[in-house]
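Engineer:
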Amino acid sequence: MAAFDPDKEIPRHIAIIMDGNGRWAKERDLPRREGHHAGAESVEIALETCGEIGVDYLTLYAFSSENWKRPEAEVKALMGLLAHFLKEKTPSLIENNIRLQVIGQIDKLPKSNQKSLQKSIEATDGNNGLTLVVALSYGSREEILEATRSLMEKAQSREMDPAELNVESFAAHLNTADFPDPDLLIRTSGEYRISNFLLWQISYAEIFITKTFWPDFRRQNLLDAVGEYQQRQRRFGGV
Numbered sequence: 006m007a008a009f010d011p012d013k014e015i016p017r018h019i020a021i022i023m024d025g026n027g028r029w030a031k032e033r034d035l036p037r038r039e040g041h042h043a044g045a046e047s048v049e050i051a052l053e054t055c056g057e058i059g060v061d062y063l064t065l066y067a068f069s070s071e072n073w074k075r076p077e078a079e080v081k082a083l084m085g086l087l088a089h090f091l092k093e094k095t096p097s098l099i100e101n102n103i104r105l106q107v108i109g110q111i112d113k114l115p116k117s118n119q120k121s122l123q124k125s126i127e128a129t130d131g132n133n134g135l136t137l138v139v140a141l142s143y144g145s146r147e148e149i150l151e152a153t154r155s156l157m158e159k160a161q162s163r164e165m166d167p168a169e170l171n172v173e174s175f176a177a178h179l180n181t182a183d184f185p186d187p188d189l190l191i192r193t194s195g196e197y198r199i200s201n202f203l204l205w206q207i208s209y210a211e212i213f214i215t216k217t218f219w220p221d222f223r224r225q226n227l228l229d230a231v232g233e234y235q236q237r238q239r240r241f242g243g244v
């Protein structure tokens, strides 16, 4: 494992697929919800570490569009955990100059969660340090389809010329239009798949897979991932 070097390039944007909460709980004969609660501590550590080393954006895959298929009790527990996090941690976000943003089909969340999210987003809007982007009810295929529909409507109304569509103008219609693409994608729990996460945006991201379950992911794990990133040569299709 390559050692982290604070003097080498730091990824501007890190995205994390926080996987393994359920298996972590199962190994300990605990309910799945306990795995999600334990994972919340890893979120705090990731925020602290990213702020410390100079990362500008941290995107966390918190709840996918497919996660609505999970048992009702688990979904309810996850929404409760979100509400608790926003209530308890928003003052800390403000104190640490962290700006909160959200991507995904937020209108599908319970109304109470929508209100809490909006309140926290507004409360942290003036912060200019690390930007925390939380992906909630998010699916990249759905995001791309919605962007395509929007562009088709603009073409039909002659608001835009299809011939002028390019990578930049398409990206401007995605949920992530205001953020740079991720430089580093981390997936915990050892699974080798993207799971419908930022499919367009990670086209040239470096990918780091760790077998560590998300609740066990700590500062050194994140530094190890960045250290590995620092050893890679990013050519973006060039030589």
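Per my numbering, the sequence shown starts with residue 6, numbered consecutively.
Glycine is no exception: its CB is placed at the ideal position from the N, C-alpha and C atoms.
Based on DSSP bridge pairs, tell me the residues matched to F68.
Structural biologist: As a first step, residue 68 must be located in the sequence shown, where it is residue number 63. Note: F68 sits in a beta bridge opposite L141.
Engineer: With distance defined between alpha-carbon atoms, name the residue in I22, A45, R17 and K13 nearest to P220.
Structural biologist: In the sequence shown, the residue the question calls residue 220 occupies position 215. Nearest option by C-alpha distance: A45.
Engineer: Please confirm whether R33 and A82 have their CB atoms less than 8 angstroms apart.
Structural biologist: For the purposes of this step, residue 33 is taken as residue 28 along the sequence shown, with counting starting at 1. For the purposes of this step, residue 82 is taken as residue 77 along the sequence shown, with counting starting at 1. The answer is no: Cβ separation not under 8 angstroms.
Engineer: Kindly provide the ranges of any beta strand (DSSP E) runs that are 3 or more residues long and lie completely inside the stretch 87-133, ordered along the chain.
Structural biologist: The stretch 87-133 contains these whole beta strand (DSSP E) runs: 104-108.
Engineer: So, is D183 buried or exposed, given that buried needs 16 or more other C-beta atoms within 10 angstroms?
Structural biologist: For the purposes of this step, residue 183 is taken as residue 178 along the sequence shown, with counting starting at 1. D183 should be labelled exposed.
Engineer: Let me check understanding here. Comparing Cα to Cα, which of Q106, I58 and I99 lies closest to L65?
Structural biologist: Here residue 65 refers to the residue found at position 60 when the sequence shown is read from its first residue. Out of Q106, I58 and I99, Q106 has the C-alpha closest to the C-alpha of L65.
Engineer: Whole angstroms are fine: how far does the CA of L150 sit from the CA of V138?
Structural biologist: Walking along the sequence shown from the start, residue 138 turns up at place 133. Walking along the sequence shown from the start, residue 150 turns up at place 145. About 21 angstroms.
Engineer: Distance check for R75 and F68, CA to CA, integer angstroms please.
Structural biologist: Sequence index remark: in the sequence shown, residue 68 carries index 63 (1-based). Sequence index remark: in the sequence shown, residue 75 carries index 70 (1-based). So the two alpha carbons sit approximately 11 angstroms from each other.
Engineer: Following the continuous alpha helix (DSSP H) through H41, name the residue where it begins and the one where it ends.
Structural biologist: As a working mapping, residue 41 is identified with position 36 in the sequence shown. Unbroken alpha helix (DSSP H) run through H41: R37 to I58.
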